[in-house]
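Chains as they are written, first to last, in the UniProt record's numbering: chain C, 1 to 460; chain B, 1 to 460. This report refers to the structure that appears directly beneath it.
Pasting the structure below:
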């Protein structure tokens, strides 16, 4: 059977695959720092060469920022679009690394062998799992299993400024049946996971304005309205402390309860609530009282305060009543929540609570993003889930994700594509931090997982 | 009658007195900036020379910072201690000045003639009112009217670090019957005022600590406790929004109601509440509902938020749940409020309201200061009030002050002296700001006022 041959080939080729990944990891493609512009280009060139060697017709495509890499290979069966990114995070603080971030190596650790280096997990190691699966497939079968478009970005860690324009300009070329994204973690170590719902995002920022100028608290302390007190009261009013719910009227419009069968699956997915909370210093969950931590994180909306400031924050004391106080908020959206509608509700909530003589200025007009809920009734999802379960010998789960991954929304809104987010990273991979690593198991079983998924999708 | 001769002499000598003040104003004695150390020294020398010329045995006295100026003259009758400060505020932003801050001149303005320059009002012009009154007295009578100690500081605008040690070390030498302080404003233009009660001060600062590290609001938004939300709730709990009162249990212990006759005096003292509030952008008072603006400012305690900060405050957005949030507060104290006791109550208030998993750290252990309430039953107070009323042809008032003037408390606690705070500044003098001025009327009638007060005190 061809799949078994491919899997054997993957096992045999693992040392060489690891070497190839090391080569890519040695290129310091830090996208946010202009000093590494040539390195980003070099990483793109490396991928272009590697894909062309696989028979994928691949080109580096210029953008106002770092280039895209786009490759096409023809074939029968479904048309897949695979996405990953070749850029990496900066490495500061360098002194906390145990080795040169761009001189990767295999290390033995108590938890197993790992590939240590910047980008090992996010996202070079992950994107190469798919490329290596294709390589093994081709070695055994002489061609790739189906029509595939490869789409690699080099600006993911710097806000993807070129992504939407590029996708919009090349929408026809990037069309496919379904997208595969390899940039996520597993719910728990060894538990294969497909992220099928991502929370959306709304950002806003406001300033409460009180007196015309900063005042002396000896002169105006008492009769004077203090914007810091005002903003504290308003921020405190955002939540009902009894229930943990957001108290903005209509906030939960469009939120749906998680279906019972999905909830059961989540409850048995291996997520360790106590460990998740304890690892950052919590002894208990602090959100909505009627929902588990996992539901709160994956399926419930939030209104979070990300910044709050005003007055004097230097050493010692200053007897000031400041003229202004500021607050930055983000909301995570789920279900059918409408970001524009929600923004209006939040602003109305604040405005209704202003004291006389207090004014509010809204300082953000960024567009919000709806939640992404994948259509897991599509047969590809169940086929991929089965393939993952087979590889990891553990029931794979459709999980949610607390974060907001804009690329999935863009695939849907610009290209009309559902996306399967399948990744093999672990929570302890230290992505964005010193000593990033990728478990050798993630890399090896990740490659094998994609081989099984390709097999399942082409047979589906 | 000697007093009339002194007053005539003052009128005749006004141009020369103004020239002398100009000379002192030309010395840029900015105490907070080490670049002006020699100028502070020069201002002290100028005063030493001027007082010695008056027959006051005066010396410059070294401190770890800028020097004190201490002079003694013997005489019959009461022993007075006169305090002022020769240092001035920095002049930034310089571009907002209409002229060189240290090239003072007389200007005609719609509200009358003013002396424009840094320190004209705070405090060189004010301290020279007393020196010029003494000069005129001596010119007419051949000697000063009574035993006087002159005590000038050069660090008032930089926190008076040497003051308490110097007063403690020289307590015996600085002993007197009563202190006179000329560093305050009149309640309203043309309304002579003796500040007989000053609010005390308590400073504190706290940090709310939530998770062990900054968290991603996508991962922990929902189940995670957010210190910004926590601190907003706690800050909001400090006040009862219905009544405007501070809601800390026992906060008002030691606060006394203002006696009815004093309240009547305040109500007719010429304070224009609407103007006071409107000038900074308020249309109404915002403090305790049952008290007038003047009572709130002079006779009621406050708990004020001076700084509040945590999380991200740069451009754009950062999806962070910060590990810490911070708050600086000051309380103004009145009556018999005990700062140590109050600090315990405020800390208990915060600690009782912490959520599970939230901790508080207290970041300030500065000593508090009780309110100063002068004993206005002493005959000197009524004598001075009458003298002021005679000069300004308007009933002088015993007023409160919202601010906290530590020197008055130090005179009481270190030297056992009551202090009469009598100053001729106007609220629009722009002290600490560009284009500081002192009304020529304040200077002229201020000198005449001290002559009358000296006369009244020596006859009392």
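Where a beta carbon is used, it is the ideal one built from N, C-alpha and C, also for glycine.
Mark residue 126 of chain B as exposed unless 16 or more other C-beta atoms lie within 10 angstroms of its C-beta, in which case mark it buried. Position 126 of the second chain, counted from the first residue, corresponds to residue 126 of chain B. Residue 126 of chain B should be labelled buried.
By DSSP's criteria, residue 105 of chain B is part of a beta bridge. Which residues make up the other side? Looking up residue 105 of chain B in the second chain gives position 105. DSSP output for residue 105 of chain B lists B:116 as bridge partner(s).
Secondary structure of residue 14 of chain B, DSSP reduced to three states: Walking along the second chain from the start, residue 14 of chain B turns up at place 14. Residue state, collapsed to three classes: helix.
Residue nearest to residue 116 of chain B in terms of C-alpha spacing, selected from B:432, B:451, B:162 and B:226: By 1-based counting over the second chain, the position of residue 116 of chain B is 116. Looking at the Cα atoms, B:432 is the closest of the given residues.
Can you tell me which of B:61, B:334 and B:110 puts its alpha carbon nearest to the alpha carbon of residue 197 of chain B? Here residue 197 of chain B refers to the residue found at position 197 of the second chain. For the residues B:61, B:334 and B:110, the minimum Cα distance to residue 197 of chain B belongs to B:334.
Please determine if the segment 412 to 420 of chain C and the segment 180 to 189 of chain C are in contact, where contact requires at least 3 C-beta pairs separated by less than 8 Å. yes
Residues in its own chain within less than 8 Å of residue 161 of chain C by CB, not counting five upstream and five downstream? Counted from its first residue, the first chain places residue 161 of chain C at position 161. So the list reads 64, 65 and 155, once near-sequence residues are dropped.
Can you check the UniProt domain "Peptidase M20 dimerisation" (207 to 356) of chain B for any beta strand (DSSP E) of at least 3 residues that lies completely inside it and give the ranges in chain order? 302 to 311 and 324 to 333
Spell out the partners DSSP gives residue 195 of chain B in its beta bridges. Residue numbering aside, residue 195 of chain B sits at position 195 when the second chain is read from its first letter. In the DSSP output, where bridge partners are listed per residue, residue 195 of chain B has B:399 and B:421.
Since residue 189 of chain B meets chain C, which of its residues come closer than 7 Å, beta carbon to beta carbon? On the second chain, residue 189 of chain B is found 189 positions in, with the first residue counted as 1. The contacting residues do not exist; residue 189 of chain B stays about 16 Å from chain C at best.
Measure the C-alpha to C-alpha separation of residue 308 of chain C and residue 321 of chain C and round it to an integer number of angstroms. Taking the first chain and counting its residues from 1, the one referred to as residue 308 of chain C is at position 308. Taking the first chain and counting its residues from 1, the one referred to as residue 321 of chain C is at position 321. When rounded, the distance between both Cα atoms is 16 Å.
Between the segment 277 to 285 of chain B and the segment 205 to 221 of chain C, do three or more beta carbon pairs fall short of 8 Å? yes
Just by C-beta distance, which residues in the segment 64 to 87 of chain C are closer than 8 Å to chain B? none
Is the CB-CB distance between residue 424 of chain B and residue 437 of chain B below 8 Å? Taking the second chain and counting its residues from 1, the one referred to as residue 424 of chain B is at position 424. Taking the second chain and counting its residues from 1, the one referred to as residue 437 of chain B is at position 437. Contact: no.
Check whether the Cβ of residue 256 of chain C lies closer than 8 Å to any Cβ atom in chain B. The residue given as residue 256 of chain C occupies position 256 in the first chain. It does not: the Cβ of residue 256 of chain C has no partner Cβ on chain B nearer than 8 Å.
Would you mind sorting residue 80 of chain B into buried or exposed? The rule is 16 or more other CB atoms within 10 Å of its CB. Residue mapping note: residue 80 of chain B aligns to position 80 of the second chain, counting from 1. With 16 or more Cβ atoms within 10 Å of its Cβ, residue 80 of chain B is classed as buried.
Strictly under 8 Å for the Cβ-Cβ distance: is residue 163 of chain B near chain C by that measure? Translated into positions along the second chain, residue 163 of chain B becomes position 163. Cβ-Cβ to chain C under 8 Å: no for residue 163 of chain B.
Residue of C:21, C:6 and C:268 minimising C-alpha distance to residue 187 of chain C: Against the first chain, residue 187 of chain C aligns to sequence position 187. Among C:21, C:6 and C:268, the Cα nearest to that of residue 187 of chain C belongs to C:268.
Do residue 403 of chain B and residue 299 of chain B have their beta-carbon atoms positioned less than 8 Å apart in this structure? Your numbering for residue 299 of chain B matches position 299 in the second chain. Your numbering for residue 403 of chain B matches position 403 in the second chain. Cβ distance not < 8 Å, so residue 299 of chain B and residue 403 of chain B don't count as in contact.
Which one of C:274, C:304, C:306 and C:303 has the shortest CA to CA distance from residue 292 of chain C? Against the first chain, residue 292 of chain C aligns to sequence position 292. When only C-alpha atoms are compared, the closest one is C:274.
Can you say whether residue 119 of chain C is buried or exposed, counting buried as having 16 or more other CB atoms within 10 angstroms of its CB? Taking the first chain and counting its residues from 1, one reaches residue 119 of chain C at position 119. With 16 or more other Cβ atoms within 10 Å, it is buried.
Quick check: the Cα distance between residue 53 of chain C and residue 310 of chain B, rounded to an integer number of angstroms? The residue given as residue 53 of chain C occupies position 53 in the first chain. The residue given as residue 310 of chain B occupies position 310 in the second chain. Each residue's Cα considered, the two are about 51 Å apart.
In the DSSP assignment, find the beta strand (DSSP E) that holds residue 382 of chain C and state where it starts and stops. Sequence index remark: in the first chain, residue 382 of chain C carries index 382 (1-based). Per DSSP, residue 382 of chain C belongs to no beta strand (DSSP E); it is in the alpha helix (DSSP H), 379 to 392.
Taking only beta-carbon atoms, is residue 193 of chain B less than 8 Å away from chain C? Position 193 of the second chain, counting from 1, holds the residue named residue 193 of chain B. It does not; no Cβ of chain C falls within 8 Å.
Straight-line gap, residue 86 of chain B to residue 337 of chain B (C-alpha atoms, nearest Å): If you number the second chain from 1, residue 86 of chain B lands on position 86. If you number the second chain from 1, residue 337 of chain B lands on position 337. Cα to Cα, residue 86 of chain B sits roughly 33 Å from residue 337 of chain B.
Start and end of the beta strand (DSSP E) containing residue 132 of chain B? One-based indexing of the second chain puts residue 132 of chain B at position 132. Taken as a continuous stretch (DSSP letters only), residue 132 of chain B belongs to no beta strand (DSSP E), being part of the alpha helix (DSSP H) at 124 to 141.
Does the beta-carbon of residue 256 of chain C have 16 or more other beta-carbons within 10 angstroms, so that it is buried, or is it exposed? What you label residue 256 of chain C is simply residue 256 of the first chain in a count that begins at 1. Per the 10 Å Cβ criterion, exposed.
Assuming residue 406 of chain B and residue 286 of chain C form a contact by the criterion Cβ under 8 Å, report the distance between their Cβ atoms to the nearest whole angstrom. Translated into positions along the second chain, residue 406 of chain B becomes position 406. Translated into positions along the first chain, residue 286 of chain C becomes position 286. Actually they are not in contact, since the Cβ atoms of residue 406 of chain B and residue 286 of chain C sit about 43 Å apart, beyond 8 Å.
Taking the C-alpha atoms as reference points, what is the distance between residue 343 of chain B and residue 328 of chain B? The residue labelled residue 343 of chain B in the question sits at position 343 within the second chain. The residue labelled residue 328 of chain B in the question sits at position 328 within the second chain. If you take the alpha carbons of residue 343 of chain B and residue 328 of chain B, they lie about 13 Å apart.
Beta-carbon neighbours of residue 296 of chain B, restricted to chain C and to distances below 7 Å: The residue you call residue 296 of chain B lines up with position 296 of the second chain. The answer, in chain order, is 222 and 223.
Does the CB of residue 370 of chain C have a neighbour CB from chain B at under 8 Å? Sequence index remark: in the first chain, residue 370 of chain C carries index 370 (1-based). With 8 Å as the cut-off, residue 370 of chain C does not count as an interface residue toward chain B.
Is residue 76 of chain B helix, strand or coil by DSSP? By 1-based counting over the second chain, the position of residue 76 of chain B is 76. If DSSP states are grouped into helix, strand and coil, residue 76 of chain B belongs with coil.
Quick one: which chain A residues come within Cβ less than 9 Å of residue 170 of chain C? Considering every chain present, this structure includes no chain A. Its protein chains are C and B.
Closest to residue 121 of chain B by C-alpha separation, out of B:451, B:455 and B:440, would be which residue? Start at 1 with the first residue of the second chain, and residue 121 of chain B comes out as number 121. Of the candidates B:451, B:455 and B:440, the one whose C-alpha sits nearest the C-alpha of residue 121 of chain B is B:440.
Which residues of the segment 379 to 407 of chain B have a Cβ closer than 8 Å to any Cβ of chain C? Give them in chain order. 401, 402, 403 and 404
One question on the structure: do residue 319 of chain C and residue 364 of chain B come within less than 8 Å of each other, judged by their Cβ atoms? Against the first chain, residue 319 of chain C aligns to sequence position 319. Against the second chain, residue 364 of chain B aligns to sequence position 364. Cβ atoms of residue 319 of chain C and residue 364 of chain B: not closer than 8 Å.
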